[in-house]
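Trainee:
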Amino acid sequence: MPELAISAEKVAFIIEKAREFDVKEGDVDPDSGSNPSDDDAVDVLGDDGSDPVASELGGFIVALNEDEQVDLVALTWLGRGDGTIDDWDDLRARAVEARSEYRKPRHETVQYLLGEPMLGDLLADGLDAFGIDWTDERLTADSSDPSERDEDEPTKQR
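Residues in the sequence shown are numbered consecutively from 1, following UniProt numbering.
Below, the structure written as C-alpha coordinates:
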(Lines of atoms letter the chains of each structure in order from A and count residues from 1; the text may use other names and numbers.)
(Lines give C-alpha, C1' and ligand atoms only; values in the text may rest on other atoms or scores of the structure.)
Protein backbone atom coordinates (compact mmCIF):
# COMPACT_ATOMS: atom_id res chain seq x y z
CA MET A 1 0.00 0.00 0.00
CA PRO A 2 1.44 3.39 -0.94
CA GLU A 3 1.96 6.05 1.70
CA LEU A 4 0.67 9.60 1.73
CA ALA A 5 2.96 12.58 2.16
CA ILE A 6 0.08 14.49 3.76
CA SER A 7 -1.48 13.54 7.08
CA ALA A 8 -5.05 12.32 7.31
CA GLU A 9 -5.66 15.11 9.83
CA LYS A 10 -4.75 17.78 7.25
CA VAL A 11 -6.88 16.13 4.57
CA ALA A 12 -9.80 15.89 7.04
CA PHE A 13 -9.55 19.63 7.67
CA ILE A 14 -9.55 20.31 3.92
CA ILE A 15 -12.52 17.97 3.41
CA GLU A 16 -14.58 19.75 6.04
CA LYS A 17 -13.70 23.23 4.77
CA ALA A 18 -14.23 22.20 1.13
CA ARG A 19 -17.68 20.92 2.00
CA GLU A 20 -18.49 24.25 3.64
CA PHE A 21 -17.25 26.00 0.50
CA ASP A 22 -19.15 23.67 -1.87
CA VAL A 23 -22.55 24.61 -0.43
CA LYS A 24 -22.15 28.15 -1.75
CA GLU A 25 -24.04 29.09 -4.88
CA GLY A 26 -23.97 32.02 -7.26
CA ASP A 27 -25.23 35.34 -5.95
CA VAL A 28 -29.00 34.92 -6.36
CA ASP A 29 -30.03 38.21 -4.75
CA PRO A 30 -27.26 40.73 -5.49
CA ASP A 31 -29.32 43.83 -4.72
CA SER A 32 -30.90 42.57 -1.55
CA GLY A 33 -31.65 45.37 0.84
CA SER A 34 -33.87 43.33 3.06
CA ASN A 35 -33.26 42.12 6.56
CA PRO A 36 -31.67 38.63 6.61
CA SER A 37 -34.39 37.37 8.90
CA ASP A 38 -37.02 38.52 6.38
CA ASP A 39 -35.53 36.41 3.59
CA ASP A 40 -34.66 33.41 5.78
CA ALA A 41 -30.95 34.34 5.66
CA VAL A 42 -30.55 32.72 2.21
CA ASP A 43 -27.88 35.29 1.30
CA VAL A 44 -25.43 33.46 3.58
CA LEU A 45 -25.27 30.66 1.00
CA GLY A 46 -24.59 33.05 -1.85
CA ASP A 47 -21.04 33.33 -3.15
CA ASP A 48 -20.16 37.00 -3.47
CA GLY A 49 -16.42 36.45 -3.93
CA SER A 50 -15.51 37.33 -0.35
CA ASP A 51 -16.02 33.93 1.22
CA PRO A 52 -13.92 33.58 4.39
CA VAL A 53 -14.05 29.77 4.08
CA ALA A 54 -12.43 29.96 0.64
CA SER A 55 -9.77 32.28 2.02
CA GLU A 56 -9.07 29.99 4.97
CA LEU A 57 -8.99 26.89 2.79
CA GLY A 58 -6.80 28.53 0.15
CA GLY A 59 -4.40 29.82 2.79
CA PHE A 60 -4.16 26.38 4.35
CA ILE A 61 -3.47 24.64 1.03
CA VAL A 62 -0.94 27.24 -0.16
CA ALA A 63 1.03 26.71 3.07
CA LEU A 64 1.41 22.97 2.40
CA ASN A 65 4.69 21.71 1.04
CA GLU A 66 5.00 20.51 -2.55
CA ASP A 67 4.60 16.80 -1.75
CA GLU A 68 1.46 17.48 0.28
CA GLN A 69 -0.05 19.54 -2.53
CA VAL A 70 0.81 16.84 -5.07
CA ASP A 71 -0.88 14.24 -2.87
CA LEU A 72 -4.01 16.41 -2.63
CA VAL A 73 -4.27 16.59 -6.41
CA ALA A 74 -3.62 12.85 -6.78
CA LEU A 75 -6.16 12.07 -4.02
CA THR A 76 -8.70 14.21 -5.85
CA TRP A 77 -8.11 12.26 -9.04
CA LEU A 78 -8.23 8.96 -7.17
CA GLY A 79 -11.55 9.97 -5.61
CA ARG A 80 -12.85 11.06 -9.02
CA GLY A 81 -12.10 7.61 -10.41
CA ASP A 82 -9.21 8.56 -12.66
CA GLY A 83 -7.35 5.52 -11.35
CA THR A 84 -7.25 2.99 -8.55
CA ILE A 85 -5.02 2.68 -5.52
CA ASP A 86 -2.79 0.46 -7.69
CA ASP A 87 -2.31 3.45 -10.00
CA TRP A 88 -1.24 5.77 -7.16
CA ASP A 89 2.33 6.22 -8.40
CA ASP A 90 1.04 7.11 -11.88
CA LEU A 91 -1.55 9.55 -10.49
CA ARG A 92 1.13 11.19 -8.39
CA ALA A 93 3.52 11.40 -11.36
CA ARG A 94 0.76 13.05 -13.43
CA ALA A 95 0.16 15.55 -10.62
CA VAL A 96 3.88 16.38 -10.48
CA GLU A 97 3.91 16.83 -14.27
CA ALA A 98 0.84 19.08 -14.20
CA ARG A 99 2.37 21.15 -11.40
CA SER A 100 5.58 21.64 -13.39
CA GLU A 101 3.58 23.49 -16.05
CA TYR A 102 2.39 26.15 -13.60
CA ARG A 103 4.14 29.51 -13.36
CA LYS A 104 3.13 29.85 -9.69
CA PRO A 105 2.68 26.22 -8.58
CA ARG A 106 1.52 26.88 -5.02
CA HIS A 107 -1.20 29.33 -5.98
CA GLU A 108 -2.29 27.61 -9.18
CA THR A 109 -2.66 24.32 -7.30
CA VAL A 110 -4.99 26.09 -4.88
CA GLN A 111 -7.00 27.56 -7.76
CA TYR A 112 -7.24 24.16 -9.40
CA LEU A 113 -8.40 22.41 -6.24
CA LEU A 114 -10.91 25.10 -5.25
CA GLY A 115 -12.30 24.98 -8.77
CA GLU A 116 -12.95 21.25 -8.51
CA PRO A 117 -16.65 20.61 -7.82
CA MET A 118 -17.28 18.46 -4.77
CA LEU A 119 -13.61 18.59 -3.70
CA GLY A 120 -14.42 17.43 -0.17
CA ASP A 121 -16.24 14.33 -1.40
CA LEU A 122 -13.49 13.50 -3.89
CA LEU A 123 -10.81 13.73 -1.20
CA ALA A 124 -12.92 11.62 1.17
CA ASP A 125 -13.32 8.98 -1.56
CA GLY A 126 -9.56 9.12 -2.17
CA LEU A 127 -8.85 8.48 1.51
CA ASP A 128 -11.41 5.65 1.46
CA ALA A 129 -9.39 4.02 -1.34
CA PHE A 130 -6.40 4.10 1.04
CA GLY A 131 -8.53 2.55 3.76
CA ILE A 132 -8.17 5.68 5.91
CA ASP A 133 -11.17 6.68 8.03
CA TRP A 134 -10.78 10.45 7.93
CA THR A 135 -13.73 11.01 10.27
CA ASP A 136 -11.50 10.01 13.19
CA GLU A 137 -9.23 12.93 12.31
CA ARG A 138 -11.87 15.67 12.44
CA LEU A 139 -10.61 19.09 13.34
CA THR A 140 -13.83 20.65 14.54
CA ALA A 141 -13.98 21.94 18.06
CA ASP A 142 -14.84 19.47 20.78
CA SER A 143 -18.40 20.38 21.65
CA SER A 144 -18.61 18.26 24.77
CA ASP A 145 -18.69 20.00 28.08
CA PRO A 146 -15.31 19.81 29.88
CA SER A 147 -16.99 17.90 32.68
CA GLU A 148 -18.11 15.22 30.20
CA ARG A 149 -14.57 14.58 28.93
CA ASP A 150 -12.31 11.99 30.42
CA GLU A 151 -10.17 13.76 33.00
CA ASP A 152 -7.10 11.86 31.82
CA GLU A 153 -7.61 12.97 28.20
CA PRO A 154 -5.14 15.74 27.36
CA THR A 155 -6.61 18.90 25.93
CA LYS A 156 -5.92 18.99 22.20
CA GLN A 157 -5.30 22.13 20.19
CA ARG A 158 -7.65 22.06 17.21
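Using N, Cα and C, we set each Cβ at its ideal position, and we do this for glycine too.
No experiment lies behind these values; they were computed from the predicted model shown.
Starting from Gly131, trace the alpha helix (DSSP H) both ways and give me its first and last residue.
Mentor: Note, Gly131: premise wrong, no alpha helix (DSSP H); not H, not E.
Trainee: Taking the alpha-carbon positions, what's the Asp90 to Thr84 distance?
Mentor: Computed Cα separation, rounded: 10 angstroms.
Trainee: Beta-carbon of Gly115 versus every beta-carbon of chain C: anything under 8 angstroms?
Mentor: In the displayed structure, chain C is absent; only one protein chain is listed.
Trainee: How would you call Asp71, buried or exposed, if buried means at least 16 neighbouring beta carbons within 10 angstroms?
Mentor: When all chains shown are included, Asp71 counts as buried.
Trainee: Just to confirm my understanding: we take Met118, look at its own chain, exclude 5 residues before and 5 after, and list those with CB closer than 7 angstroms. What are they?
Mentor: Cβ neighbours of Met118 beyond the five flanking positions: Asp22.
Trainee: In this structure, how does DSSP classify Gly46 when only helix, strand and coil are distinguished?
Mentor: Because Gly46 carries a pLDDT of 48, less than 50, the predicted location of this residue cannot be relied on, and no value is offered for it.
Trainee: Leaving out five residues on either side along the sequence, give the residues of the same chain with a beta carbon under 6 angstroms from the beta carbon of Leu75.
Mentor: Result list for Leu75: Leu123, Gly126, in chain order.
Trainee: Just checking my contact of residue 161 with Trp134 at CB under 8 angstroms: how many whole Å lie between their CB atoms?
Mentor: No statement about residue 161 is possible, as the shown extent of the chain runs from 1 to 158 and does not include it.
Trainee: Per the contact definition of three or more C-beta pairs closer than 8 angstroms, is the region 103 to 115 in contact with the region 52 to 69?
Mentor: Contact holds: three or more Cβ-Cβ distances are below 8 angstroms.
Trainee: Using 8 angstroms as the threshold, is the C-beta distance between Lys17 and Val53 below it?
Mentor: Yes; because the gap between Cβ atoms is below 8 angstroms, this pair is in contact.
Trainee: Tell me the DSSP secondary structure of Thr84 in three-state form.
Mentor: Thr84: coil per DSSP, three-state reduction.
Trainee: By the DSSP assignment, the alpha helix (DSSP H) with Lys17 in it spans what residues?
Mentor: Note, Lys17: alpha helix (DSSP H), 8 to 22.
Trainee: First and last residue of the alpha helix (DSSP H) that includes Arg106?
Mentor: Note, Arg106: alpha helix (DSSP H), 105 to 114.
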